[in-house]
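S.K.: Got a structure here, written out as structure tokens. Questions coming.
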Amino acid sequence: MKSTALIMAGGRGERFWPKSRQYLPKQFLSLTDDGKTMIQLTVERISSFVEMEDIFIATNRDYKKLAIEQLPGIPEQNILCEPVGRNTAPCIGLGAAYISKKYDDAIMLVLPSDHLIKFNKMYLTTLEDACGIAERNSNLVTIGITPDYPETGYGYIKFDTRITEGRAYKVERFVEKPTLEVAKEYLATEEYLWNSGMFIWKVSSILDNMRLHMPDTYEKLMKIRESIGKSDEEAVLEQEFRSMESQSIDYGIMEKAEDIYILPGTFGWDDVGSWLAVERIKKSNEFGNVVSGNIITVNTKNCVIQGDKKLIATIGLEDLIVVDTDDATLICAKDSAGDIKKVIENLKICNRDEYI
1 MKSTALIMAG GRGERFWPKS RQYLPKQFLS LTDDGKTMIQ LTVERISSFV EMEDIFIATN
61 RDYKKLAIEQ LPGIPEQNIL CEPVGRNTAP CIGLGAAYIS KKYDDAIMLV LPSDHLIKFN
121 KMYLTTLEDA CGIAERNSNL VTIGITPDYP ETGYGYIKFD TRITEGRAYK VERFVEKPTL
181 EVAKEYLATE EYLWNSGMFI WKVSSILDNM RLHMPDTYEK LMKIRESIGK SDEEAVLEQE
241 FRSMESQSID YGIMEKAEDI YILPGTFGWD DVGSWLAVER IKKSNEFGNV VSGNIITVNT
301 KNCVIQGDKK LIATIGLEDL IVVDTDDATL ICAKDSAGDI KKVIENLKIC NRDEYI
């Protein structure tokens, strides 16, 4: 069966402020030493598995130009522009509508645009296994990441070791981000995986589930599908997509559907959720600092310091994040990295949109 992919690239990446902005969000930034942007790495990673003409990008219409510039190998008609953000269920549904218009049925990989994978061959092997499971019956497959510490920032998925499909396990339930104590309990049972947000299924399988569990959204998606290639396509997309309920795929489908299987992933995954991820993906110096740009440090330890041409000099700092851009500078304790979004909230309240 034909393999296709939908790469979700509509997020704002607010926890990477001030580098990530409304006009240049995280997925279009380079955070690795190779100079490639997050979305370029995502496409490159699957290019041997899915033909470029069958890779679709779902993004905000404001980022269409960025997507075209950074992904010249993707056909422009495959850049699906959401008129407004409506969370992952409508986003995935939109991709399924366009893919089903192109093919009667196909395998559909759903992948975030801003994750990093260390071991690509192992990753592709996992995708291949997932496709085989998804092709049988109407299975919905997700990839879970084997946890190696009690993370409180991820959702978890509990699986049943007694029910298997190939290397995959039957999903029992999706659970929200836990407290530290609960996360420790999950880790001890060895029956929970981190929710990676990666999914594999037949287009027909996800659309059937949307018809069953999200009938209003499904009806609007079918109107969009009918308009594809016609003169009123943009108008129908604007009207129908904007009127959809904002809903995550986990809540809208995965918590309700049958025949959901999860494959454990052990391929060096990182969701690059905040500036703290830079410590994991870049090498630190002998003082534990991860620096980029024109930097001088004196008695500075375990800091993330990101700049450009302007000289940044630090003295006597420890466990801080310092990020400097042309018009804004962030100075943040590492254990407060999750509060960077609050800066965005304050900027909005103060009508200082030029910094968002």
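For what it's worth, UniProt numbering labels the leading residue of the sequence shown as 1, then goes sequentially.
Glycine included, every Cβ here is placed at the ideal spot set by N, Cα and C.
Go ahead and label ASN78 buried or exposed: buried means 16 or more other beta carbons lie within 10 angstroms of its beta carbon, across all protein chains shown.
M.R.: Counting Cβ neighbours within 10 Å, ASN78 comes out buried, since at least 16 surround it.
S.K.: Going by the CB atoms, is the gap between PRO112 and MET244 shorter than 8 Å?
M.R.: No, these two residues do not count as a Cβ contact at 8 Å.
S.K.: For THR125 and PHE49, I'd like the C-alpha separation in whole angstroms.
M.R.: In a straight line, the C-alpha of THR125 is about 10 Å away from that of PHE49.
S.K.: In chain order, what residues of the same chain lie with their CB nearer than 8 Å to the CB of GLY13, ignoring the 5 residues before and after it?
M.R.: Same-chain partners within the cutoff: SER20, PRO25, LYS26, GLN27, LEU29 and ASP114.
S.K.: Is there contact between the stretch 163-172 and the stretch 233-242, where contact requires at least three CB pairs shorter than 8 Å?
M.R.: No, the stretch 163-172 does not touch the stretch 233-242.
S.K.: Alpha carbon to alpha carbon, how far is ASN139 from SER204?
M.R.: Whole-angstrom Cα-Cα distance: 10 Å.
S.K.: Would you mind working out which of THR266, GLY338, ILE224 and SER246 sits nearest ASN120, comparing C-alpha positions?
M.R.: For ASN120, the nearest C-alpha among the options comes from THR266.
S.K.: Should ASP327 go down as buried or exposed, given a rule of 16 or more other Cβ atoms within 10 Å for buried?
M.R.: ASP327 should be labelled exposed.
S.K.: Please state whether the Cβ-Cβ distance between residue 359 and ILE145 is less than 8 Å.
M.R.: Residue coverage of the chain in this structure runs from 1 to 356, which leaves residue 359 outside it and unanswerable.
S.K.: Taking the alpha carbon of LEU317 as the reference point, which residue from ASP324, CYS332, ASP270 and THR325 has its own alpha carbon closest?
M.R.: Ranking the options by Cα distance to LEU317, first place goes to CYS332.
S.K.: Can you check the stretch 2-86 for any beta strand (DSSP E) of at least 3 residues that lies completely inside it and give the ranges in chain order?
M.R.: Runs of the beta strand (DSSP E) inside the stretch 2-86: 3-8, 55-60 and 79-82.
S.K.: Counting pairs of beta carbons, one from the stretch 74-88 and one from the stretch 53-65, are three or more of them closer than 8 Å?
M.R.: Taking 8 Å as the limit for Cβ pairs, the verdict is that the stretch 53-65 does touch the stretch 74-88.
S.K.: Using a Cβ-Cβ cut-off of 7 Å (strictly less than) and excluding sequence neighbours within five positions of ASP270, which residues of its own chain qualify?
M.R.: Hits under 7 Å: HIS115, LEU116, ALA277, ARG280 and ILE281.
S.K.: Distance check for LEU330 and SER231, CA to CA, integer angstroms please.
M.R.: For SER231 and LEU330, the distance between alpha carbons rounds to 47 Å.
S.K.: Within the stretch 138-224, note down every full beta strand (DSSP E) run reaching 3 residues or more, in order along the chain.
M.R.: For the stretch 138-224, whole beta strand (DSSP E) runs of length 3 or above, ordered along the chain, are 140-145, 156-165, 168-175 and 192-202.
S.K.: In terms of alpha-carbon separation, which member of VAL290, LEU347, ALA337 and ILE315 lies closest to LEU31?
M.R.: LEU31 has its Cα closest to that of VAL290, out of VAL290, LEU347, ALA337 and ILE315.
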